[in-house]
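Numbering (my numbering), first residue to last: 1 to 337.
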């Protein structure tokens, strides 16, 4: 029988499973003793827990990226799930211990995402934007289709960066269909490149951390610099409006100065990209939280959404029952968004 996964446990239930240490922070409690603030991960998601009275040996043993055997009880603390740890040890040689087996993955294969993005590139008919996009994607191809889009919050799983990009491109196609006056090539080019700097900002899909460049520069300035380098390599004038517009798409996509953008959107397509980016990230965060929430209850509080928790309606239970017993002859369609 397959082992129960992290997010299949209910509140109050005893837990006993293998998991990956995704993140480890050494902290000091009010009594002056050290403890480890841990984030555990498997293919179902993640959960936090505290390892109290940690020794120097414990801190050395339990490092991010290692697989452990975890025992404890799932409980709620300030509205968020956590595990009260009763036992923790490293995986032995006879147990699953490959970290990549415990990471969450995008719901699309890398090859499918690459094909979809490649098709959109043909729609970038402006040669300046097209050639810069092609050069930078070719340069970072392997990382782009394997890295997460964040350390936590949204699309924080293997392939999350490319999947987030695919999602925004799909949304962009719908918006362009509704508002045909939009410059579609500019919007698509900005969507593909807007988070590309995360391949340098983040360390990779396993136990993701911020790199030195990520902490000191941030992904927005990183990819802006990459665009400048690519434009120079391709002999494009940096003062050309096409180059300036593409850089603006990247520099403005967080929308507000306090959210990390050095400029606010001043071009229609830049504002649209910002809104689509916000929508996709927000929907992903809410969906992840609601997937772990019992119908008729509120989910965990989401720090990135002003600490709000979201309610999962009970009608979803009825929908699930209907899905399990479709009427004879009914057409069943799966829609992948």
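By construction, the Cβ of each residue, glycine as well, lies at the ideal position given by its N, Cα and C atoms.
These figures come from a predicted structure and were not determined experimentally.
* Asked: Under the rule that 16 or more other beta-carbon atoms within 10 Å means buried, what is residue 149, buried or exposed?
  -> The C-beta of residue 149 has 16 or more other C-beta atoms within 10 Å across all chains shown, which makes the residue buried.
* Asked: So what does residue 74 bridge to, in DSSP terms?
  -> 83
* Nearest neighbour of residue 136, chosen from 164, 7, 233 [CA to CA] -> 233
* Asked: By how many angstroms is the C-alpha of residue 167 removed from the C-alpha of residue 141?
  -> 18 Å
* Backbone CA spacing between residue 213 and residue 201 [nearest angstrom] -> 6 Å
* Residue burial classification, residue 147 (beta-carbon count within 10 angstroms, cutoff 16) -> buried
* Asked: Cβ of residue 267 within 8 Å of Cβ of residue 189?
  -> no
* Asked: Can you tell which of 281, 118, 98 has its C-alpha closest to the C-alpha of residue 153?
  -> 281
* Taking all protein chains shown into account, do 16 or more other C-beta atoms lie within 10 angstroms of the C-beta of residue 246, making it buried, or fewer, making it exposed? -> buried
* Taking the alpha-carbon positions, what's the residue 223 to residue 275 distance? -> Distance between the alpha carbons of residue 223 and residue 275 is about 20 Å.
* Proximal residues to residue 61 (C-beta, below 8 Å), its chain only, five neighbours per side dropped -> 90
* To do: Count the CB pairs spanning the region 255-272 and the region 113-132 that are closer than 8 Å, and state whether there are at least three.
  => As far as the Cβ criterion goes, the region 255-272 does not touch the region 113-132, which means the pair count is below three.
* Under the three-state DSSP convention, the category residue 212 falls into -> It is helical.
* Have a look at the DSSP bridge pairing and note the partners of residue 346. => The structure shown does not extend to residue 346, since the chain is modelled only from 1 to 337, so the question has no answer here.
* Asked: How do the region 5-18 and the region 82-97 stand: do at least 3 beta-carbon pairs fall below 8 Å, yes or no?
  -> Touching, yes.
* Specify the secondary structure class of residue 34 as computed by DSSP and reduced to three states. => strand
* Given a cut-off of 8 Å, decide if residue 68 and residue 74 are closer than it, judged by their beta-carbon atoms. => no
* Does the separation of the CB atoms of residue 230 and residue 253 fall below 8 Å? -> no
* **Distance CB(residue 220)-CB(residue 250) smaller than 8 Å** => yes
* From which residue to which residue does the beta strand (DSSP E) around residue 48 run? -> Here the beta strand (DSSP E) through residue 48 covers 45-51.
* Asked: Between which two residues does the alpha helix (DSSP H) carrying residue 279 extend?
  -> 268-291
* In whole angstroms, what separates the C-alpha of residue 338 from that of residue 226? -> The shown model of the chain, from 1 to 337, leaves out residue 338, and the question about it has no answer.
* Taking just the CA atoms, how far does residue 218 sit from residue 40? -> 26 Å
* For residue 110 versus residue 172, is the C-beta spacing smaller than 8 Å? -> No, the Cβ-Cβ distance between residue 110 and residue 172 is not below 8 Å.
* Asked: In whole angstroms, what separates the C-alpha of residue 160 from that of residue 302?
  -> 19 Å
* Asked: Considering only residues of the region 85-156, which uninterrupted beta strand (DSSP E) runs meet the minimum length of 3 residues and lie entirely inside it, listed in chain order?
  -> none
* For residue 6, the three-state DSSP class (helix, strand or coil) -> In the structure shown, residue 6 sits in a helix (DSSP, three-state: H, G or I).
* With distances taken between CB atoms, is the gap from residue 8 to residue 55 smaller than 8 Å? -> no
* Using only the heavy atoms of the ligand NAD, determine whether one of them is closer than 7 Å to the beta carbon of residue 286. => Inclusion of the ligand NAD in the displayed structure is not the case, the ligand content being empty and no account of it being possible.
* Asked: Would DSSP call residue 191 helix, strand or coil?
  -> helix
* Contacts around residue 23, its chain only, beta-carbon distance under 6 Å, and the 5 residues preceding and following it disregarded -> 39, 64
* To do: Return the CA-CA distance between residue 12 and residue 191, expressed in angstroms with no decimal places.
  => For residue 12 and residue 191, the distance between alpha carbons rounds to 43 Å.
* In angstroms, rounded to a whole number, what distance separates the CA positions of residue 3 and residue 203? -> In this structure, the straight-line span from the alpha carbon of residue 3 to that of residue 203 is close to 29 Å.
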